[in-house]
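Have a look at the structure below before the remarks.
Protein chains: 2
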Amino acid sequence: MGLENMARQAKVASMQMMTISTAIKDNALKAAAKALRDNYLKIVEANKKDMEAAEKAGTSSALLDRLMLNKQRVEEMAVSAEEIVSLKDPIGEVVGGSKLANGLKLSRVRVPLGVIGVIYEARPNVTVEAASLCVKAGNAVILRGGSSANHSNKILVELISNACISAGLPQGVVQMIEDTSHQTADKFMQLDKYLDVLVPRGGNELIKAVVEKATVPVLWAAAGNCHTYVDKDANQDMAIDIAINAKCQRPGVCNAMETLLVHKDIANDFLPKATSEMKANGVKMYGDKKAQAIVSDLSKATEKDYYTEYLSLELAIRVVDSLDEAIAHINKYGTGHSEAIITDDYSSAQTFTEGVDAAAVYVNASTRFTDGGQFGMGAEIGISTQKLHVRGPMGLEALTSTKYVIYGSGQTRQ
Amino acid sequence: MGLENMARQAKVASMQMMTISTAIKDNALKAAAKALRDNYLKIVEANKKDMEAAEKAGTSSALLDRLMLNKQRVEEMAVSAEEIVSLKDPIGEVVGGSKLANGLKLSRVRVPLGVIGVIYEARPNVTVEAASLCVKAGNAVILRGGSSANHSNKILVELISNACISAGLPQGVVQMIEDTSHQTADKFMQLDKYLDVLVPRGGNELIKAVVEKATVPVLWAAAGNCHTYVDKDANQDMAIDIAINAKCQRPGVCNAMETLLVHKDIANDFLPKATSEMKANGVKMYGDKKAQAIVSDLSKATEKDYYTEYLSLELAIRVVDSLDEAIAHINKYGTGHSEAIITDDYSSAQTFTEGVDAAAVYVNASTRFTDGGQFGMGAEIGISTQKLHVRGPMGLEALTSTKYVIYGSGQTRQ
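Protein chains in written order, with this note's numbering: chain Z, 1 to 414; chain R, 1001 to 1414.
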């Protein structure tokens, strides 16, 4: 099917999805989970084709591992769809409203966004999560995955789509673009006649390309260059625990710490303890001049380090003269994702949370908590670092819009 | 000042604006209103230059009237700034939150968007309204008005900016792009490093150009092709009152009715009365075949009429076989702005409000109510017909984002 026909069908499906009951949507997702389980052999077989091609292309073992599916991983995908069944349906929620002086009864009601395009890279489990979230929020979805997972994605979408249709959802509710050329991707991003939003999920390169080319509105989940600032009034033991957790618990994720900022008044005391603990955890560190003067074996941190999201066991360290300097550093080099201050001082905590411009600002806690599951909103389609529509974890609510419904009794405007 | 320097200064100002008190923002807007009043002669003088150039260029009298400023209009602009002072400051509102099982106290707090770019056409009063709304919501703003109002806008921005700075707001909080070339506008739309959002305010052409060229996220206020559907169970007198109001009370605005849909079961009875009333109000009408068969002197309505936002005393009329056909017509030809059903049937009302995909859906009331003032949210920067971030009137809240603030006591992630 041509791209435009696909989008047109998605638009028609999205109109029908607006009034579909929660029960039908939930049954569709349960049926999809069952279909994945029942057909895990087919899925693994299709995935083998992707794996073989990837191996031939000399793909790194880390990427191969992200791509690989086996019975257990298919089971995890099925469970991820079922977990979305258990989330509260956001559609129909009355977000606000009032009775106006002229008697009009105004309410603002949560409705589906319509047609969502998801553009993502290798991991095939994103196919299942993204499709499930979009369907639960009453949308039609068109998926455009990476070429390396194309065989896997194809069978996954076929199974999910058939299960959804059997359960009573409209034809075209879950579709996929099999042609993974850039040319087709570019066309896809400009189908603003049919698509309501694009969600690119992947590295900075991908997001930059989508933002540049798209005429469809974009919600992006970009990089996280996150900081922990240890204030002069910090509880130092707590600061070390939190810093180690933020750096080491899972270094490859967007809410891991990349730069540690330390107030000059405690740097002499704190940095030797903190860096020795980091070293014991295998962290490679880069310090500014002041940090190097305290801990002599630190490599030199450059301007480039402050801009870098290492996504690995590496850390930049900088000694700052004041809370204001810490805030200025974060607002300059950070990506507005997750930022933390460790302090026992009330006023520093307030100044930091107000002054730092980020999706999530922490006092005395690890930045690693920024995710939909931890925040109690369930699965997410990514963590937004842009400020429109949704900031932070993008759960079901991010995949909705609102409309005003107004009940009158003949009112006309004067 | 170069465009990029201007944007950089706005970004710095926006960081300072994040923590500025309501009182200082309100004093700034009061001072701006006073400055406008005190300097009305200067404003009128600058406006004369615009008027003379526009007259020379053969501008229509309607557009000349929109451009013209006199003492009374300057007074109205001052009052519009003061009305925004009286609106509740949205910044700091706690939108949601909870205490998580691990003891983290999570709250979602309303914060400014940052730097807002407003691109608009001729009317100079937009300069004052847009600047006042952006400032009240804690943002920095860069205005790019139309070339025909450039002298007027320049003096207005100078007065507002100086008043704001005197009242304690940062340098660069309200700025204007004086070079109205398309080249500079194109560059402006791609300053995503500094700008958080662009708000184009004007015709479809403008919005299309911005959506195509911008890499900065866009909130648009586009056309309104609005419908009134008279159901078979309508109170016909009420239907005529509402239709006349929706079409005639102010035909040049985006929430005026452009097409009247009538159920076939009442068309024979309703259309002669309704069209005679429309005629008495000077409305030129175009009907489909069925409508022409009932009211013989209707011109023929074409497919093009159904897509047209007349913005004048013209009206397309179509007879539909069912409620579903009415909904399908609206979802196909409409722009998702404001739509109304007139009915006494409970189930038709529910089906219509659920099935119609629009910012505002009315039962038994005129579409003319869709505006920020009428909805009780105060002044607006436009009425959004897109679905991300805000749909419907864009008041102060539309010019904000949120951030998560999380208070902990040493929590680390397991």
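Backbone N, C-alpha and C fix where the C-beta goes; we use that ideal spot for every residue, glycine too. Note that the coordinates shown come from a computational prediction; the quantities given were computed from them, not determined experimentally.
Using a Cβ-Cβ cut-off of 8 Å, residue 192/Z is close to 1211 of chain R, given in chain order.
The DSSP-derived three-state label of residue 201/Z is strand.
Within the same chain, Cβ atoms closer than 7 Å to the Cβ of residue 321/Z are found at 264, the five residues on either side in sequence being excluded. By the neighbour-count criterion, in which 16 or more other beta carbons inside 10 Å mark a residue as buried, residue 24/Z falls on the exposed side. Here the C-alpha atom of residue 1214/R lies approximately 33 Å from the C-alpha atom of residue 368/Z.
Interface criterion met: the Cβ of residue 389/Z is under 7 Å from a Cβ in chain R.
The C-beta of residue 1050/R comes no closer than 7 Å to any C-beta of chain Z.
Taking the Cβ atoms as the reference, residue 1040/R lies roughly 13 Å from residue 1079/R, outside the contact range of under 8 Å. Beyond the five residues adjoining it in sequence on each side, residue 1200/R comes within less than 7 Å, by CB distance, of 1119, 1206, 1207, 1210, 1218, 1220 in the same chain, given in chain order. Each of 1365/R, 1348/R, 1006/R, 1312/R was checked against the Cα of residue 1324/R, and the nearest Cα belongs to 1348/R.
As summarised for the stretch 1160 to 1225 of chain R, the continuous beta strand (DSSP E) elements at least 3 residues long and confined to that stretch are 1174 to 1176, 1197 to 1201, given in chain order.
Between residue 72/Z and residue 36/Z, the alpha-carbon positions lie close to 11 Å from each other. At least 7 Å separates the beta-carbon of residue 1396/R from that of residue 1069/R. About 19 Å separates the beta carbons of residue 129/Z and residue 224/Z, which is beyond the 8 Å limit, so they are not a contact pair. The stretch 1009 to 1017 of chain R makes no contact with the stretch 159 to 174 of chain Z: fewer than 3 CB pairs, one atom from each, lie closer than 8 Å. Taking each of 1382/R, 1243/R, 1398/R in turn and checking the Cα distance to residue 1389/R, the smallest one comes out for 1398/R. Straight across, the Cα-Cα distance linking residue 1082/R with residue 1133/R is about 11 Å. For residue 1378/R, there are no C-beta contacts with chain Z under 7 Å, since the nearest C-beta of that chain is about 14 Å from it. Think of a sphere of 7 Å around the beta carbon of residue 196/Z: the chain R residues whose beta carbon falls inside it are 1387, in chain order.
Within the model, the alpha-carbon separation for residue 1227/R versus residue 190/Z is close to 28 Å.
Along the length of the stretch 1350 to 1379 of chain R, whole beta strand (DSSP E) runs at least 3 residues long occupy 1360 to 1365, reported in chain order. The three-state secondary structure of residue 1253/R, taken from DSSP, is coil. The DSSP assignment places 257 to 263, 284 to 287, 314 to 320 as complete runs of the beta strand (DSSP E) inside the stretch 243 to 323 of chain Z, in order along the chain (cut-off: 3 residues). The Cβ of residue 1143/R sits no closer than 7 Å to any Cβ of chain Z. Contact annotation: the stretch 1286 to 1295 of chain R does not touch the stretch 1353 to 1373 of chain R, with fewer than three C-beta pairs closer than 8 Å. At least one C-beta of chain R is nearer than 7 Å to the C-beta of residue 411/Z. Chain R has no Cβ within less than 7 Å of the Cβ of residue 8/Z. For the stretch 1364 to 1376 of chain R, residues whose beta-carbon sits nearer than 7 Å to a beta-carbon of chain Z comprise 1364, 1365, 1366, 1368, 1369, 1375, 1376. Under the Cβ criterion of 7 Å, residue 301/Z is not counted among the residues facing chain R. The alpha-carbon separation between residue 123/Z and residue 1383/R amounts to approximately 39 Å.
Comparing alpha-carbon positions, the option among 1105/R, 1106/R, 1370/R, 1159/R lying closest to residue 1038/R turns out to be 1159/R. Boundaries of the alpha helix (DSSP H) around residue 1022/R: 1022 to 1038. The beta-carbon of residue 1405/R is placed less than 7 Å from the nearest beta-carbon of chain Z.
Residue environment: residue 371/Z is assigned as buried (16 or more neighbouring CB atoms within 10 Å of its CB, all protein chains considered). For residue 247/Z, the closest alpha carbon among the candidates 64/Z, 91/Z, 282/Z is that of 282/Z. The residue from 65/Z, 293/Z, 2/Z with its alpha-carbon nearest to that of residue 48/Z is 65/Z.
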